[in-house]
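See structure below.
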Amino acid sequence: MNRTLEHILPKVQKPARYTGGEYNAIVKDRRTVDTRYALCFPDTYEIGMSNLGCRILYGLMNEVDGLWCERCYAPWGDMEDEMRREGLLLYGLESGDPISDFDIIGFPLGYEMAYSNVLNMLDLAGLPLRSADRPELTPLIVAGGTCAYNPEPLAPFVDLFVVGEGEEVTLEYIQLYRQAREECWSKEEFLQEAAQIPGIYVPAFYEPVYREDGTLEEMRIREGSGAPEKVRKRVVENMDGAYFPVKTIIPSTEIVHDRVMLELFRGCIRGCRFCQAGYVYRPVRSRSPELLAQYGKAACEDSGYQEMTLSSLSSTDYPCLLELCDDLLDYCAPRDIGLSLPSMRADTFSMNLMERLQRVRKGGLTFAPEAGTQRLRDAINKNLREEDLLQSCRTAFAGGWSGVKLYFMLGLPTETMEDVEGIADTAQRIVDLYYKNENKPKGRGVQVSISVACFVPKPMTPFQFVGQNTEDELREKQQHLLRSVKSRKISVSYHDSHTSFLEAVFAKGDRRLSRVLVEAYRRGCCFDGWDEQFRYDTWLEVFRDLGFDTAFYANRTIGLDEVTPWSHLDYGVSREYLVREYQKALGAQTTPPCNRACSGCGANKLLGGACFDYD
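Numbering (the numbering used here), first residue to last: 24 to 638.
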């Protein structure tokens with residue numbers, strides 16, 4: 024271990040975040056390595072180590088001869104202070120070497136509130152922030168993930184973005200990089216070739232042109248760059264052939280999701296109009312139950328984990344779920360390994376499923392109605408009736424559960440105060456339902472927990488056109504909800520509107536916001552997704568000092584034919600479809616799930632045919 028690091032670690036909280044050396048961490052002989060990749064997660068070790076996408080990319084890249092992928096996480100404030108004091112550069116956990124010496128540095132972007140961490144990590148690595156100030160090919164700065172579907176706020180800092188799923192395209196641009204280095208290409212020559220790879224967006228080749236009113240007129244392609252007019256996202260067509268990390272790193276300290284995670288499928292059939300992931304991960308592609316069972320058992324054998332999660336956007340929509348659960352539980356039950364489903368829909372919850380999940384241990388019960396009235400659930404296309412929710416709770420109470428957690432959102436498009444009151448009414452009906460259960464456990468009361476998030480309009484959804492409620496409006500709705508709850512059996516928690524507001528600004532932001540990011544970072548903004556670190560007043564000061572109107576990004580309605588900062592990216596779903604869905608939302612009209620009827624979103628073209636076979 025580096026002697027400076029040895030000197031620092033006794034002074035910081037959770038030193039295990041920074042030491043490496045975990046079981047299954049991959050250390051290669053430098054003499055056999057020609058390309059080094061730093062996978063830099065812009066948040067803490069505990070969150071980054073829980074990320075399945077990072078586990079996949081780490082294992083996938085390290086299977087390639089001559090390529091060594093190491094991990095790097097954002098150091099917490101105490102560690103950062105010590106590193107800066109001692110002049111210790113940001114380093115890879117496996118080797119301890121500065122990541123500035125690596126060939127490629129990649130940032131997975133899953134949350135807009137991590138943007139300031141990206142800049143801070145580049146600075147901690149001793150690297151210039153802007154791509155234009157890094158003229159050499161090495162190190163190449165890459166980013167991908169959900170936030171890459173609107174990469175513009177970070178565009179000046181990143182050399183290339185991966186649009187879509189990264190397994191295949193990552194290896195393709197790494198191979199191109201190896202060729203470029205061997206043949207002594209310039210950075211410009213490499214980026215021109217990289218832009219020809221489907222799923223690669225090179226922001227330096229696109230210039231935003233703005234109108235006088237601040238809206239975007241076009242994304243002008245730089246002459247001679249050869250960049251495509253639209254960058255189409257990459258998808259993994261065959262999930263059974265996709266890499267799965269059976270051998271995963273076992274952390275040396277507690278992390279958020281310390282368990283085996285099985286990815287059942289990608290995409291979602293539901294089409295909830297607020298859900299960005301449900302649109303950008305289309306079309307639906309599933310893994311076979313036989314392969315999933317094989318992966319799950321092998322991963323538990325290798326890791327010793329005592330919990331397994333079946334993970335997808337809506338896990339209970341997996342068509343072979345009961346068959347898979349039976350297979351896994353035959354293995355899990357004798358070994359006391361818990362099996363959980365983190366994303367259950369109330370309309371697909373059943374006694375058969377519940378009995379299977381109880382064979383090992385009983386976990387919590389969580390549903391996400393999202394809205395408090397049927398009209399609003401129809402407007403957001405939740406395709407969930409209150410009767411379905413109540414029936415699922417009735418089934419759970421009959422099976423011995425005495426508590427349920429409900430997720431809702433405030434500030435949804437077309438929402439009224441009557442819809443807000445409907446959240447409290449729904450929770451009260453569930454409380455009443457419990458006490459009507461003749462078989463309820465003696466001496467135990469019911470507890471209904473309501474968790475309420477603030478709606479954030481996201482790019483590439485039907486609600487990308489709407490403005491977010493102002494913070495005053497959101498706070499008024501939060502207080503109205505609290506007043507509407509009359510029972511002590513119901514508890515309410517809600518998210519801070521400040522972070523949701525800033526999330527909306529950057530979710531729908533353009534390249535001009537890069538100036539805001541730099542200035543906020545320079546004034547100490549970092550870990551903005553953490554309440555104890557979030558400097559809301561500083562952000563407001565930066566916007567004001569630089570002359571930015573935050574309402575232009577967060578609260579303004581976007582025209583249905585307006586050019587957006589993400590219009591030059593093609594993720595499969597057509598703009599015409601989003602407009603149709605938005606207009607249906609205004610009339611509280613629903614669209615059926617994809618497996619019942621095709622609604623013509625366009626995503627099937629990514630697979631060269633229909634997503635489903637319809638009767």
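Ideal Cβ positions, reconstructed from N, Cα and C, are used throughout, including at glycine.
Per DSSP, the bridge partner or partners of GLU330: Stepping through the sequence shown from its first residue, residue 330 is reached at position 307. Answer is GLY361.
With three or more C-beta pairs closer than 8 Å as the rule, is the region 531 to 546 touching the region 557 to 572? yes
Helix, strand or coil at TYR637 according to DSSP, with G and I counted as helix: What you label residue 637 is simply residue 614 of the sequence shown in a count that begins at 1. For TYR637, the pLDDT reaches just 49, beneath the cut-off of 50, and the residue's location in the model is therefore unreliable, although a value from the coordinates is still provided. Three-state DSSP puts TYR637 in coil, outside helix and strand.
State whether the region 117 to 136 contacts the region 157 to 172, with contact taken as three or more CB pairs (one from each stretch) at a distance under 8 Å. yes
Taking 8 Å as the threshold, find out whether the region 276 to 285 comes into contact with the region 567 to 574 through three or more Cβ pairs. As far as the Cβ criterion goes, the region 276 to 285 does not touch the region 567 to 574, which means the pair count is below three.
Who does SER514 pair with in a DSSP beta bridge? Start at 1 with the first residue of the sequence shown, and residue 514 comes out as number 491. Answer by DSSP bridge pairing, in chain order: SER472.
CB of VAL443 within 7 Å of CB of LYS500, strictly: Locating residue 443 in the sequence shown gives position 420, where the first residue counts as 1. Locating residue 500 in the sequence shown gives position 477, where the first residue counts as 1. Yes, these two residues count as a Cβ contact at 7 Å.
Distance, PHE486 Cα to TYR138 Cα: Position 115 of the sequence shown, counting from 1, holds the residue named residue 138. Position 463 of the sequence shown, counting from 1, holds the residue named residue 486. Roughly 23 Å separates the two Cα atoms.
Report the start-end ranges of each alpha helix (DSSP H) in the region 121 to 168 that is 4 residues or longer and not cut off at the edges. Correct list: 138 to 147.
Separation of TYR224 from ARG538, as counted between CA atoms: In the sequence shown, the residue the question calls residue 538 occupies position 515. In the sequence shown, the residue the question calls residue 224 occupies position 201. The straight-line gap from Cα to Cα measures roughly 21 Å.
If you run the structure through DSSP and keep just helix, strand and coil, what is VAL232? By 1-based counting over the sequence shown, the position of residue 232 is 209. The answer is strand: DSSP assigns VAL232 an E or B state.
Nearest-angstrom Cα separation, counted from ARG467 out to LEU592: Locating residue 592 in the sequence shown gives position 569, where the first residue counts as 1. Locating residue 467 in the sequence shown gives position 444, where the first residue counts as 1. So the alpha carbons of these two residues sit roughly 54 Å apart.
If the criterion is Cβ atoms closer than 7 Å, does the pair GLY595 and ALA574 meet it? Here residue 595 refers to the residue found at position 572 of the sequence shown. Here residue 574 refers to the residue found at position 551 of the sequence shown. For GLY595 and ALA574, no; Cβs fall outside 7 Å.
Buried or exposed: THR614, going by 16 or more other Cβ atoms within 10 Å of its Cβ? The residue you call residue 614 lines up with position 591 of the sequence shown. Buried.
Closest to ARG498 by CA distance: which of GLY222, LEU433, ASP236 is it? By 1-based counting over the sequence shown, the position of residue 498 is 475. Taking only the C-alpha atoms, the option nearest ARG498 is LEU433.
Give the straight-line distance between the Cα atoms of ASP349 and GLY361, rounded to the nearest whole angstrom. Taking the sequence shown and counting its residues from 1, one reaches residue 349 at position 326. Taking the sequence shown and counting its residues from 1, one reaches residue 361 at position 338. Here the alpha carbon of ASP349 sits roughly 13 Å from the alpha carbon of GLY361.
Nearest-angstrom Cα separation, counted from ALA356 out to ARG379: Here residue 379 refers to the residue found at position 356 when the sequence shown is read from its first residue. Here residue 356 refers to the residue found at position 333 when the sequence shown is read from its first residue. About 10 Å.
Alpha carbon of GLY290 to alpha carbon of TYR328, nearest angstrom: Your numbering for residue 290 matches position 267 in the sequence shown. Your numbering for residue 328 matches position 305 in the sequence shown. Whole-angstrom Cα-Cα distance: 27 Å.
Give the straight-line distance between the Cα atoms of PHE488 and ALA265, rounded to the nearest whole angstrom. As a working mapping, residue 488 is identified with position 465 in the sequence shown. As a working mapping, residue 265 is identified with position 242 in the sequence shown. So the two alpha carbons sit approximately 35 Å from each other.
Would you check if there are 3 or more beta carbon pairs closer than 8 Å linking the region 41 to 53 to the region 115 to 125? By the Cβ criterion, the region 41 to 53 is in contact with the region 115 to 125, since at least three pairs of Cβ atoms, one from each stretch, lie closer than 8 Å.
DSSP on PHE488, reduced to helix/strand/coil? Within the sequence shown, the letter at position 465 stands for residue 488. In this structure, PHE488 counts as helix in the three-state DSSP scheme.
Quick one, are the C-beta atoms of VAL192 and VAL181 less than 7 Å apart? Stepping through the sequence shown from its first residue, residue 192 is reached at position 169. Stepping through the sequence shown from its first residue, residue 181 is reached at position 158. The answer is no: Cβ separation not under 7 Å.
Which of helix, strand or coil does DSSP assign to MET284? Looking up residue 284 in the sequence shown gives position 261. MET284: strand per DSSP, three-state reduction.
If we cut at 7 Å on Cβ distances, does THR439 have a partner in chain D? The chain labelled as chain D is not found in the depicted structure, where only one protein chain is given.
Of the residues VAL141, LYS465, VAL471, GLU441, which one's Cα is nearest the Cα of ARG452? Translated into positions along the sequence shown, residue 452 becomes position 429. Residue VAL471 is the option with its Cα nearest to ARG452.
Inside the region 42 to 91 only - alpha helix (DSSP H) runs reaching at least 4 residues: 68 to 71, 75 to 85
By alpha-carbon positions, which one of VAL602, SER338, ALA322, MET377 ends up nearest to TYR354? Taking the sequence shown and counting its residues from 1, one reaches residue 354 at position 331. Measuring from the Cα of TYR354, the nearest candidate turns out to be ALA322.
Which residues in the same chain as VAL35 place their Cβ atom closer than 7 Å to its Cβ, once the five residues preceding and following it in sequence are excluded? Start at 1 with the first residue of the sequence shown, and residue 35 comes out as number 12. Hits under 7 Å: ASP101, MET102, GLU105.
Which residues in the same chain as GLU188 place their Cβ atom closer than 6 Å to its Cβ, once the five residues preceding and following it in sequence are excluded? As a first step, residue 188 is located in the sequence shown; it is residue number 165 there, counting from the start. Result list for GLU188: ARG257, VAL258, VAL259, in chain order.
For the beta strand (DSSP E) holding THR276, just list the boundary residues, first then last. On the sequence shown, position 253 is the one that residue 276 refers to. It is not in any beta strand (DSSP E) - THR276 carries neither H nor E in the DSSP assignment.
Pull up the CB-CB distance for PHE372 and THR418, whole angstroms please, since I reckon it's below 8 Å. Start at 1 with the first residue of the sequence shown, and residue 372 comes out as number 349. Start at 1 with the first residue of the sequence shown, and residue 418 comes out as number 395. Rounded, the Cβ-Cβ distance is 7 Å, consistent with contact.
Own chain partners of ARG243 with C-beta closer than 8 Å, once the 5 adjacent residues on each side are dropped: The residue given as residue 243 occupies position 220 in the sequence shown. Within the same chain, ARG243 has close Cβ partners TYR229, GLU230, PRO231, VAL232.
Beta-carbon within less than 6 Å of MET72's beta-carbon, same chain only, minus the 5 sequence neighbours each way: which residues are those? Start at 1 with the first residue of the sequence shown, and residue 72 comes out as number 49. Excluding sequence neighbours, MET72 sits near PRO274, ILE278.
Under 7 Å between the Cβ atoms of PRO98 and LEU112? Residue numbering aside, residue 98 sits at position 75 when the sequence shown is read from its first letter. Residue numbering aside, residue 112 sits at position 89 when the sequence shown is read from its first letter. Cβ distance not < 7 Å, so PRO98 and LEU112 don't count as in contact.
Residues of its chain near ILE70, where Cβ-Cβ distance is below 6 Å and the 5 sequence neighbours each way are ignored: For this step, residue 70 is matched to residue 47 along the sequence shown. Excluding positions up to five away in sequence, the list reads VAL279.
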